[in-house]
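Position one of the sequence shown corresponds to residue 1 (the UniProt record's numbering), numbered consecutively onward. Even glycine gets a Cβ: it sits at the ideal position worked out from N, Cα and C. No experiment lies behind these values; they were computed from the predicted model shown.
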Amino acid sequence: MGNGRRQFKTRDVAWAMAVEGGRIHASDGPSLYALDATTGAEQWRLSTDAWVYALTADRGTVLTATRGGGVQGWEASNGEKLWEVTGAQSDFETAEAGPVIHDGTVYVWQDARLRALDARTGIERWSYPIGDAASCGGVPVRVTPAPDGYVYIAAGTRVLAVETGSGRVRWHFEAPAVFLSPPAFAPGPAVTGGGVYLADYLGTVYALDATTGK
Numbered sequence: 001m002g003n004g005r006r007q008f009k010t011r012d013v014a015w016a017m018a019v020e021g022g023r024i025h026a027s028d029g030p031s032l033y034a035l036d037a038t039t040g041a042e043q044w045r046l047s048t049d050a051w052v053y054a055l056t057a058d059r060g061t062v063l064t065a066t067r068g069g070g071v072q073g074w075e076a077s078n079g080e081k082l083w084e085v086t087g088a089q090s091d092f093e094t095a096e097a098g099p100v101i102h103d104g105t106v107y108v109w110q111d112a113r114l115r116a117l118d119a120r121t122g123i124e125r126w127s128y129p130i131g132d133a134a135s136c137g138g139v140p141v142r143v144t145p146a147p148d149g150y151v152y153i154a155a156g157t158r159v160l161a162v163e164t165g166s167g168r169v170r171w172h173f174e175a176p177a178v179f180l181s182p183p184a185f186a187p188g189p190a191v192t193g194g195g196v197y198l199a200d201y202l203g204t205v206y207a208l209d210a211t212t213g214k
């Protein structure tokens, strides 16, 4: 990385990829595999039950989303399946609309609720009635976990700040048009440029105070 020279070459195709823990975790759609990030040596490979359209990794867990509403957690070191849920949203099967993993928690849009799951066990910690695709304006729900202990959610015309540990809603903001971008969080008070930033369908950019939502 210091000189820009190629360290290895592989013929593997990757539709989705995440680098974590010294490994490159990737999927070509019907399979999931891990390569050594330094040498490119294959560490493990497996076939999945459905096409993988989103993949992320965090703290030893690889998170995948598959077509038809499946979400899976995998052990990053050996590919062991830790858990799986079904019935997740299948209206927006793109990497940008996939589930989010952050700080040991997975956020999944399932059965018109946003669910927070333990990343290692898949056990639900809390859920919030966010609504289905129609009630969210026909756009995907976007989730941005932030270092202030809250997760910021864009769902149709709504923005919510939800406490990551309990699922308690801190504030709620409503706009006249649906939001197309995920919330962007900047630390610090609003007067110094901190806050939550979004853009809606009409091209309006909103800067909200992260504490009050105003």
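For secondary structure counted as the beta strand (DSSP E) over 3 or more consecutive residues, the UniProt domain "Pyrrolo-quinoline quinone repeat" (143-214) holds these complete runs in sequence order: 150-155, 158-163, 169-174, 184-186, 195-199, 205-208. Sequence-distant partners of residue 199 (beyond 5 residues in either direction) whose C-beta falls short of 6 Å from its own C-beta, in its chain, are 181, 205.
Separation of residue 85 and residue 186 (C-alpha to C-alpha, rounded to the nearest whole angstrom) is 32 Å.
About 6 Å separates the beta carbon of residue 61 from that of residue 120, a gap short enough to meet the 8 Å contact definition.
Just so you know, the alpha carbons of residue 55 and residue 98 end up roughly 8 Å apart. Ranked by Cα distance from residue 40, the first of 6, 144, 52 is 6. Comparing alpha carbon positions, the residue from 165, 209, 71, 69 closest to residue 171 is 209. For residue 61, the enclosing beta strand (DSSP E) stretches over residues 61-66. Between residue 31 and residue 45 a beta carbon distance of about 6 Å is seen, short of the 8 Å cut, so the two are scored as contacting.
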